[in-house]
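Beneath this line is the structure, given in structure tokens, with notes to follow.
Number of protein chains: 2
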Amino acid sequence: MDKSTTYQKWLAQSRKGFLELCVLSILHRKGTSYGLEVLQTFEQVGLPINEGTLYPLLNRMFKNGWLTSEWVTPSDGGHPRRHYQLSDVGTELLPQMLDTYRSNQKSLAQLMDIK
Amino acid sequence: MDKSTTYQKWLAQSRKGFLELCVLSILHRKGTSYGLEVLQTFEQVGLPINEGTLYPLLNRMFKNGWLTSEWVTPSDGGHPRRHYQLSDVGTELLPQMLDTYRSNQKSLAQLMDIK
DNA sequence: GCATAATACTTTGCAATGCATAGTATTATG
DNA sequence: CATAATACTATGCATTGCAAAGTATTATGC
């Protein structure tokens, strides 16, 4: 397989798990948000992701009990949105995941410096 | 599913892709190495991984053309080892992956700081 | 010398998830 | 009223970390 293809595949793989951490961070900061807004937030910070990635992701996180969710119809009319926010579990998980992420960072830094 | 279980699963997922970056870094620093030594190196930097993870990983990276490989019998006797080192492709990939990793770091930092 | 341990790698099957693509439903616009 | 925009859902695929068991070669202890 050619170089750019394997790299593209690696890119997708490298996002596994990381996206959960990002979503938890977004909802922690915003308090509450919904699919499209989260999608746009990802784009704003230079990490565009696929619709077909985010929506199932939010659903899984909800089913795992990391998020709570409710349908909200905007007061000014507009399409109803499914709002999400951190559950107690999600609130507990966020710093744990951050620790893991930073620990991995340190491990990598060590590897780059090892004999 | 209970909290600790979903967290454990996330842990495994979050290593996808990351381990390739680590292996490339190790081989970049060491010049050459083999399975068990790489395994021990991971452990030394506080990132223990499974045998059944590493060996297939090295094989895939080799098949993808990221690594070169040769069987080496230690001069003082001992079990023959399969040595690996970076190929030209691997040498090119390492900084690319590092860039991606750091770019993700920045994105996450922004997410944690966003309104 | 022979059984056991240590070293080193291989193989198989499973579960989880990012992506691509297509589909559905509701609201806004001309 | 038709078309576009907003917002979410559903399906199938490929990839990979892990667990567990297996294979083969070399070293060690009695």
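Residue numbers (our numbering), protein chains in the order written: chain A, 20 to 134; chain E, 20 to 134.
Backbone N, C-alpha and C define an ideal beta-carbon position, used for all residues, glycine too.
Since the structure is predicted, the reported quantities are computational estimates derived from the model, not experimental observations.
Give me the chain E residues within the contact set of residue i, using Cβ-Cβ distance strictly less than 8 Å, ordered along the chain.
i	result
A/R48	L130, M131, D132, I133 and K134
A/T119	L30 and S33
Beta-carbon of residue i versus every beta-carbon of chain E: anything under 8 Å?
i	result
A/N123	yes
A/L40	yes
A/L30	yes
A/L86	no
Residue i touches chain A at which residues, Cβ-Cβ below 7 Å?
i	result
E/F37	S33 and N123
Answer yes or no: does any C-beta atom of chain A fall closer than 8 Å to that of residue i?
i	result
E/I45	yes
E/N69	no
E/N78	no
E/Q115	yes
Does at least one heavy atom of the ligand COA sit under 7 Å from the Cβ of residue i?
i	result
A/M80	Here there are no bound small molecules, and the ligand COA is not part of this structure.
Below 9 Å on C-beta distance, what does residue i contact in chain E?
i	result
A/V64	K125, S126, L127, A128, Q129, L130 and I133
Since residue i meets chain A, which of its residues come closer than 9 Å, beta carbon to beta carbon?
i	result
E/T60	L130 and I133
E/T25	N83, G84, W85, V108 and L112
Indicate whether residue i and residue j have their beta-carbon atoms separated by less than 8 Å.
i	j	result
E/G54	E/Q104	no
E/S52	E/L43	no
A/Y74	E/L112	no
E/K125	A/G36	no
E/I133	A/R48	yes
E/L38	E/I68	yes
Tell me, to the nearest whole angstrom, how far the beta carbon of residue i is from that of residue j; I am working on the premise that it is less than 8 Å.
i	j	result
E/K127	A/C41	For the record, residue 127 of chain E in the displayed sequence is Leu; it is not Lys. Contact holds; Cβ gap of about 6 Å.
E/S106	E/W90	Not really, about 17 Å apart at Cβ, beyond 8 Å.
A/H102	A/S88	7 Å
A/Q63	E/V64	Not confirmed; about 34 Å, so no contact.
A/L9	E/N123	Because chain A spans 20 through 134 in this model, residue 9 of chain A falls outside it and cannot be assessed.
E/T33	A/T119	Strictly speaking, residue 33 of chain E in this sequence is Ser, with Thr absent from that position. So it is a contact: roughly 7 Å between Cβ atoms.
Segments of 4+ residues assigned as alpha helix (DSSP H) that fall wholly inside the stretch 36 to 87 of chain A: Taken in chain order, the unbroken stretches of alpha helix (DSSP H) that lie wholly in the stretch 36 to 87 of chain A and span 4 residues or more are 37 to 49, 54 to 63 and 70 to 82.
3-residue-minimum beta strand (DSSP E) runs that sit fully inside the stretch 85 to 127 of chain A, ordered along the chain: Counting whole runs of 3 or more residues, the stretch 85 to 127 of chain A contains the beta strand (DSSP E) stretches 86 to 91 and 100 to 105.
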